[in-house]
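**Q** According to the numbering used here, the residues represented by the sequence shown are 61 to 605, in order.
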Amino acid sequence: MSESEASEREKVIMEDDWDHPRFRRRGSSLCTRRRLCSLAWITGAAALVVAACLYLQVFRGFDERSRLGPSSKPTPPTPPRWPVRENQFVSVYEGDFVLVEDLAAGAEGEAANATTAPRKDCQSLYLTGWNAWDITRAARISPRNHKTRGGLTGEEAVRLQFQEANALGLNVVRAWAHTVDPAYRVMVSPGLYDEAGLEAIDYVLHQARESGVRVILSFVDNWKYHGGVDEMVDFSETAPERTSERPTDESGDFDQVSLNETVKEYEVRRHALFFTDEGSREVYKSHVRELLNRRNAYSGVLYRDDPTVFAWNLINEPRCESWLVEGCEASLQEWIEEMSLYVKKLDPNHLVTVGGEGFFAGPSKDGSAPEGALDGIEAANPAGWAAQTGQDFVANHLPETIDFATIHLWPDNWNQSSRGFQENWINKHVEVAREVLKKPVIVQEFGKKLPGGSAAQGRDLSERDQVYEMVNGIVESNVADGGALKGSLFWNWELDLMVGAADDPYTLQTTDSTFGLVESHGLRMHNLSASSIYSCDDFERHPQY
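Below, the structure written as structure tokens:
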């Protein structure tokens, strides 16, 4: 038998073997069986290709998710370190932020009666957290509309960040309850809202609660046009009509440095109308009402009744330029007093603060400060311009409707890179909060810019690390010693979600050495809070206004 014949016979035998009874199915033919075999081979190959693609996609997804932090890995999330419990709102008691627990009246085994005093325990809550200006927008991002890292949806990214924050010991985030991007509106016009924008805020509150993170929400921004002061003035029915079109970029903002003095003065004066114009005030109040009476689509809880909310910021970094607009300082002060009272009347459950940087305006004019306590206080400011912004750290935080004070620290923006200035800036406010305001104070924003941005290769993080170490150290010392400084929030931990998004030189990445400082500080602050429980039987809830 030739080699070719042998090969042909072997082929026939192999084919005939398929017709052997042990391979045969009822009703099958050899032709059909061959087709089925071929189909099985093709299907199997296709399955292998699909499996390989899925593997690569999942692997890539985990790689991209790792940019958001280790808790994005498929491991069970850490149980909330500070669970949000129904009706347990953060309060202020003897200068502390506390969570109050009502205990059964009388000792164990002792019958309670009408004369037995109620018993309460106060659990200190020292703040360690981050700013996330984009988180309410990020919740709306979808890979159907944007190319996202690892195909993440915005909701997934938000959930993962909160889980990561809880694992790191962080307990508070500060976010914007207004439009931050004109492509994703919250308020479209007075009384008209984009429901998707409100639901994004709902989702942030819902996921924060799931991870035991409290939220500071700001009602309006001083800087950006959309969701900001200038937009509300333009919405007003009583503000003067514009005499010139607002010079803006595609986001509705403008760079004051590039404007001529005439245009700049016009915009500064119009900006100041926000604090005096009746229509602008009503637009603001309408927005406040909308949020406080909002029922969360996920939890079913009204915002005003949600203990996930730590506090309300009346405004982010208010400015009313007293160097140009006469009476600006008084106008801002009256606005703070009116709006803080308005919020308290609608929502007696939550803390309220202004949201300013903390610039000093000079000695108290109403005699509220001890004699000499504020002498030379302006020297602590970053420069002379700070006393002309309309802010007055002392007066702004004195009203009883303001529960705590805030300061911000921006070494780069203020051209104050010296450690001496930064330490003095914080310590002077702590001293005034203790001696004059008699209220807690927090560093609500602090950040350090990186040359070349957060994506720069081989970047030097040492300068930024030094600022974080300095702030963390002062906060921890104050907390340990019972000082007025009760926490800090760094700027910022941005959701690195959209591919091709502009780089932020202030944002942290979880792979940075700075994030190691955040984690160690968060865990130390957690332990300080967890070990501070004391009796507070005389505690009373926020007064009704």
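Even glycine gets a Cβ: it sits at the ideal position worked out from N, Cα and C.
Check this for me: beta carbons of ASP194 and GLU554, under 7 Å apart or not?
**A** Along the sequence shown, read from residue 1 onward, the residue named residue 194 stands at position 134. Along the sequence shown, read from residue 1 onward, the residue named residue 554 stands at position 494. Yes. Within cutoff.
**Q** Assign ASP162 to one of two classes, buried (16 or more other C-beta atoms within 10 Å of its C-beta) or exposed (fewer than that).
**A** To locate residue 162, count along the sequence shown from 1; it is residue 102. Burial call: exposed.
**Q** Indicate whether THR567 and ASN552 have their beta-carbon atoms separated by less than 7 Å.
**A** Against the sequence shown, residue 567 aligns to sequence position 507. Against the sequence shown, residue 552 aligns to sequence position 492. The answer is yes: Cβ separation under 7 Å.
**Q** Let me check understanding here. Comparing Cα to Cα, which of GLU305, SER340 and ASP366 lies closest to LYS324?
**A** In the sequence shown, the residue the question calls residue 324 occupies position 264. Distance from the Cα of LYS324 is smallest, within the candidate group GLU305, SER340 and ASP366, for GLU305.
**Q** Once DSSP output is grouped into helix, strand and coil, what is the label at GLN183?
**A** Translated into positions along the sequence shown, residue 183 becomes position 123. GLN183 falls in the strand class under three-state DSSP.
**Q** Of the choices VAL273, ASN353 and GLU398, whose alpha-carbon is the least far from that of THR336?
**A** Numbered from its first residue, the sequence shown carries residue 336 at position 276. When VAL273, ASN353 and GLU398 are compared, the shortest CA-CA separation from THR336 is found for GLU398.
**Q** Between PHE419, LEU406 and THR368, which has its C-alpha nearest GLU389's C-alpha?
**A** The residue labelled residue 389 in the question sits at position 329 within the sequence shown. Out of PHE419, LEU406 and THR368, the CA that lies nearest to the CA of GLU389 is found in PHE419.
**Q** Taking LEU362 as the reference, which of SER478, PHE506, ASP556 and LEU258 has the closest Cα?
**A** Here residue 362 corresponds to residue number 302 of the sequence shown, with the count starting at 1. The shortest Cα separation from LEU362 among SER478, PHE506, ASP556 and LEU258 belongs to LEU258.
**Q** Taking 8 Å as the threshold, find out whether the region 242-258 comes into contact with the region 212-223 through three or more Cβ pairs.
**A** no
**Q** Take the Cβ of THR239 as the centre, count every other Cβ of all protein chains shown within 10 Å, and call the residue buried at 16 or more, exposed below.
**A** Position 179 of the sequence shown holds residue 239. With a 10 Å radius around the Cβ and a threshold of 16 neighbouring Cβ atoms, THR239 comes out buried.
**Q** Would you call GLN604 buried or exposed, if buried means 16 or more other Cβ atoms sit within 10 Å of its Cβ?
**A** By 1-based counting over the sequence shown, the position of residue 604 is 544. Label assigned to GLN604: exposed.
**Q** When the distance is taken between beta carbons, is ASN226 closer than 7 Å to PRO140?
**A** Residue 140 sits at position 80 when you count from the first residue of the sequence shown. Residue 226 sits at position 166 when you count from the first residue of the sequence shown. For PRO140 and ASN226, yes; Cβs fall inside 7 Å.
**Q** Looking at C-alpha atoms only, which residue of CYS380, GLU505 and SER591 is the closest neighbour of ALA421?
**A** Sequence index remark: in the sequence shown, residue 421 carries index 361 (1-based). Among CYS380, GLU505 and SER591, the Cα nearest to that of ALA421 belongs to CYS380.
**Q** Closer than 6 Å by C-beta to TRP395: which residues in its own chain qualify, once you throw out the five before and the five after it? Chain order, please.
**A** As a first step, residue 395 must be located in the sequence shown, where it is residue number 335. Cβ within range, chain order: PHE335.
**Q** So, at 8 Å on beta carbons, what are the nonlocal neighbours of TYR402 in its own chain, with the 5 sequence-adjacent residues on each side left out?
**A** Against the sequence shown, residue 402 aligns to sequence position 342. LYS345 and VAL348, listed in sequence order.
**Q** What residues match up with VAL503 in a beta bridge as DSSP calls it?
**A** Numbered from its first residue, the sequence shown carries residue 503 at position 443. DSSP, once it has assigned bridges, lists ILE467 and SER548 as partnering VAL503.
**Q** For GLY189 and ASN475, what's the separation of their Cα atoms in angstroms?
**A** Here the question's residue 189 lines up with position 129 in the sequence shown. Here the question's residue 475 lines up with position 415 in the sequence shown. Approximately 25 Å, taken between the alpha carbons.
**Q** Is it right to say TRP383 is buried, meaning 16 or more other beta carbons lie within 10 angstroms of its own, or is it exposed?
**A** By one-based count along the sequence shown, residue 383 stands at place 323. Of the other Cβ atoms in all chains shown, fewer than 16 fall within 10 Å of the Cβ of TRP383; this residue is therefore exposed.
**Q** Where does PHE481 fall in DSSP's three states?
**A** Numbered from its first residue, the sequence shown carries residue 481 at position 421. Here PHE481 sits in helix by DSSP.
**Q** For ASP520, which option in LYS509, GLN482 and VAL293 has the closest C-alpha, if you only look at C-alpha atoms?
**A** In the sequence shown, residue 520 corresponds to position 460, counting from 1. Nearest of LYS509, GLN482 and VAL293 to ASP520, Cα basis: LYS509.
**Q** Drop a sphere of 10 angstroms on the beta-carbon of TRP283, count the other beta-carbons inside from all chains shown, and report buried for 16 or more, exposed for fewer.
**A** One-based indexing of the sequence shown puts residue 283 at position 223. TRP283 comes out exposed.
**Q** Starting from THR239, trace the beta strand (DSSP E) both ways and give me its first and last residue.
**A** The residue labelled residue 239 in the question sits at position 179 within the sequence shown. Careful: THR239 lies outside any beta strand (DSSP E) and carries neither H nor E.
**Q** From the DSSP output, which residues share a beta bridge with MET558?
**A** As a first step, residue 558 is located in the sequence shown; it is residue number 498 there, counting from the start. Paired residue(s): THR208.
**Q** Comparing C-alpha positions only, which one of ASN231, SER589, VAL232 and ASP262 sits nearest to VAL246?
**A** Here residue 246 is taken as the residue at index 186 of the sequence shown, counted from 1. Minimum Cα distance to VAL246 is reached at ASP262.
**Q** Please report the residue range of the alpha helix (DSSP H) in which ASN538 lies.
**A** Within the sequence shown, numbered from 1, the residue matching residue 538 stands at position 478. Taken as a continuous stretch (DSSP letters only), the alpha helix (DSSP H) holding ASN538 covers 522-541.
**Q** Threshold first: 4 residues or longer. Then list the alpha helix (DSSP H) segments lying entirely within the region 227-297, N to C.
**A** 255-270 and 289-295
**Q** Please work out which residues of its chain come closer than 6 Å, Cβ to Cβ, to GLU539, disregarding the five sequence neighbours upstream and downstream, and give them in chain order.
**A** Against the sequence shown, residue 539 aligns to sequence position 479. The sequence given here places Val at residue 539; Glu does not occur at that position. The residues are TYR186 and LEU588.
**Q** For ILE593, report the span of its beta strand (DSSP E) as first-last.
**A** Here residue 593 refers to the residue found at position 533 of the sequence shown. Looking at the DSSP string, the run of the beta strand (DSSP E) that includes ILE593 is 593-595.
**Q** Once the 5 residues before and after ALA243 are set aside, which same chain residues still bring their CB inside 8 Å of it?
**A** The count along the sequence shown starts at 1 and reaches residue 243 at position 183. Cβ within range, chain order: n/a, list empty.
**Q** Alpha carbon to alpha carbon, how far is SER184 from GLY542?
**A** Position 124 of the sequence shown, counted from the start, is the residue given in the question as residue 184. Position 482 of the sequence shown, counted from the start, is the residue given in the question as residue 542. Using only the alpha carbons, I get a separation of about 11 Å.
**Q** Rounded to the nearest angstrom, what separates GLY416 and LYS180 at their Cα positions?
**A** Here the question's residue 416 lines up with position 356 in the sequence shown. Here the question's residue 180 lines up with position 120 in the sequence shown. Between GLY416 and LYS180, the C-alpha separation is close to 33 Å.
**Q** So, are the CB atoms of LEU352 and LEU406 less than 7 Å apart?
**A** Here residue 352 is taken as the residue at index 292 of the sequence shown, counted from 1. Here residue 406 is taken as the residue at index 346 of the sequence shown, counted from 1. In this structure, LEU406 lies closer than 7 Å to LEU352 by Cβ.
**Q** Could you tell me the distance, in whole angstroms, from the CA atom of HIS602 to the CA atom of ASN205?
**A** To locate residue 602, count along the sequence shown from 1; it is residue 542. To locate residue 205, count along the sequence shown from 1; it is residue 145. The straight-line gap from Cα to Cα measures roughly 45 Å.
**Q** Kindly indicate which residue of ASN320, MET558, TRP142 and ASP472 has the alpha-carbon position closest to the one of LEU228.
**A** On the sequence shown, position 168 is the one that residue 228 refers to. The option with the nearest alpha carbon to LEU228 is TRP142.
**Q** Go to TYR566, then tell me how far its beta strand (DSSP E) extends in each direction, as first and last residue.
**A** Numbered from 1 along the sequence shown, position 506 holds the residue referred to as residue 566. Counting along the chain, TYR566 falls outside any beta strand (DSSP E), and DSSP gives it neither H nor E.
**Q** Just verifying my parser: in three-state terms, what is the DSSP assignment at TYR358?
**A** Along the sequence shown, one-based indexing puts residue 358 at 298. Here DSSP, grouped into helix, strand and coil, assigns TYR358 to coil.
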